[in-house]
Each structure stands twice: as structure tokens, then as C-alpha cells.
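Residue numbers for the sequence shown follow the numbering used here, beginning at 1292 and rising by one.
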Amino acid sequence: MKKSAFISVLFFAVFIASCTKEKQGTQEVQNQKIADVIPAKYLDTLKNLGITINEGLTPPNVEGIYDISPVKSKASNVPGDVPGAIFFANAKVKFYEQSNSDFSIRLLGKSILNINDSSISTAISGAGNKFTVYGKVRTYSGSNTAIFGVVFSGEKDGSSIKNVEWGLINIDDSQDPDHAFIKEGQARLQYDTDFSSPTTNTLRLSLNQSIKILKSSGEK
1292 MKKSAFISVL
1302 FFAVFIASCT
1312 KEKQGTQEVQ
1322 NQKIADVIPA
1332 KYLDTLKNLG
1342 ITINEGLTPP
1352 NVEGIYDISP
1362 VKSKASNVPG
1372 DVPGAIFFAN
1382 AKVKFYEQSN
1392 SDFSIRLLGK
1402 SILNINDSSI
1412 STAISGAGNK
1422 FTVYGKVRTY
1432 SGSNTAIFGV
1442 VFSGEKDGSS
1452 IKNVEWGLIN
1462 IDDSQDPDHA
1472 FIKEGQARLQ
1482 YDTDFSSPTT
1492 NTLRLSLNQS
1502 IKILKSSGEK
């Protein structure tokens, strides 16, 4: 009887250790994926500006197209910016091909960063209804180009998302000789001022919305 009880305890201990190791391995996969998208020093800059980071290995499914408006600045380390006083163009974002097994997801946007945004690489974290999407986006202005990190946080709310905010940081301005964009390391934080971003059927912006994009989030 004692031998049987010892074997049962040993089996349980091995099972717990195995589950812990598997979870740690999964956490390592997520950490590496996020680091590949946006290096830690740039993510730390956004954290210092106040971006919400929803950590966790079980983010909700956020696939869909969302309408984000009105959009206002919340924080910035860009000289001359006046956080809280600047409105940006309304935005839309599409999340698709989400996989919680390897924390991958894809992002398309309209005026999240520029008129058209498409992630080079992307990752997701979160738990419950809360999520954070990390994207690396290449943006253009004439012959100038730069790579930005985009960190997008919110909460799934039925078919919509709420409490949306996103941070933008230049992580590579080596191909921006004319300085069309904010400098490497400079960042802005924006948010949806009515805190509700409903789902929509199209990613296309209206003509009036397109005209309003006079100063994109990544430009000076």
C-alpha cells in the first residue's frame, strides 16, 4: 500500500513538473516572438509613456475589422507634441490568421500609423477578454521609409473591442535620409476617446476620413 501511494505521489509530481515545463516553454516562445517584433528597449519606451500591456498565454480571439474613432493623442516623447490636445484621423484595423499555439496574428490598418499599414511580423498576448498585439510595420513617405513598432491593446467586448489604445515607436530610421518621420526611439501613444470600437464590414475609409489624414501618426 505504501509503495503504491509513493508511486502515485511520484507520478503526480512528475505530471506537475511536466506541465510547468511545458508552460515555461510556451512562455519562452511568446517572449521570443514579441522580442523579434519589437526589441525590449523600444517596448520599455512605450511602457514609460503609459501603454497598457496585457500579458498572458490565452488571449481572446480578436479576428475582425474594427472602426476606431475619434482618435486622440495620449502621450508622446516627441519634442513639440502636446499630448491630449491633438486629434488624429479616424482609423480602422483588421486582425486575422490568429493562432494561440504560436501567438501569431496578422494586422492590416488604415491610419493606425499611415494611410495603409501592413505588419511585417506580429505577435499577440493576453488573457480573458484583454489582449495586446505587437506589430512591426514598414511605412513610406515618398522615397523615405522607416520601420515602426506598433503595440495595440484593448478588450474584446462581444463582437466589438473596447478601451483601445496603441503606441507607435520608430525602431529603424536608417532609410529615412530626409527625416520624413519622427526619429528612432521617438514614440506616440493614441487612444479611442469613446472607448468603443465596433466591428465593421470594410477596411476602406470614407473619402472624408482619407482627406483628414494630413499628418500621419508617424510623420513629423
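Ideal Cβ positions, reconstructed from N, Cα and C, are used throughout, including at glycine.
Treat the numbers as computed from the prediction; the structure is a model and nothing was measured.
Cβ-Cβ distance between residue i and residue j below 7 Å
| i | j | result |
| --- | --- | --- |
| Val1353 | Phe1386 | yes |
| Leu1337 | Val1424 | no |
| Ser1432 | Ala1478 | no |
| Phe1422 | Pro1489 | no |
Coil, strand or helix - residue i by DSSP
| i | result |
| --- | --- |
| Lys1421 | strand |
| Asn1454 | strand |
| Asp1464 | coil |
| Thr1484 | coil |
| Glu1475 | coil |
Neighbourhood of residue i by C-beta, 6 Å cutoff - its chain only, sequence neighbours within 5 removed
| i | result |
| --- | --- |
| Val1521 | What the structure shows of the chain is the stretch from 1292 to 1511, and residue 1521 is not part of that stretch, so it cannot be assessed. |
| Ile1325 | Ala1414 and Tyr1425 |
| Val1384 | Tyr1357, Gly1400 and Ile1403 |
| Tyr1482 | Lys1365 and Glu1456 |
| Thr1493 | none |
| Tyr1333 | Gly1440, Ile1460 and Ile1462 |
DSSP bridge partner residues for residue i (one or two, in chain order)
| i | result |
| --- | --- |
| Arg1495 | Its beta-bridge partners do not exist; DSSP assigns none. |
| Ser1434 | For Ser1434, which the question treats as bridged, DSSP gives no partner whatsoever. |
| Ser1412 | Lys1427 |
| Val1442 | Tyr1425 and Gly1458 |
| Asp1448 | Ser1451 |
| Glu1510 | Phe1472 |
Close Cβ partners of residue i (< 8 Å) along its chain, the five nearest in sequence each way excluded
| i | result |
| --- | --- |
| Thr1317 | Leu1348 |
Contacting residues, own chain, Cβ-Cβ under 7 Å from residue i (five flanking each side not counted)
| i | result |
| --- | --- |
| Asp1463 | Ala1437, Ile1438 and Glu1475 |
CB contact check: residue i to chain E, cutoff 7 Å
| i | result |
| --- | --- |
| Ala1478 | Here chain E cannot be found, since the structure has a single protein chain. |
Uninterrupted beta strand (DSSP E) stretches inside the segment 1329–1398 (no shorter than 3 residues): 1355–1359, 1362–1367 and 1382–1390
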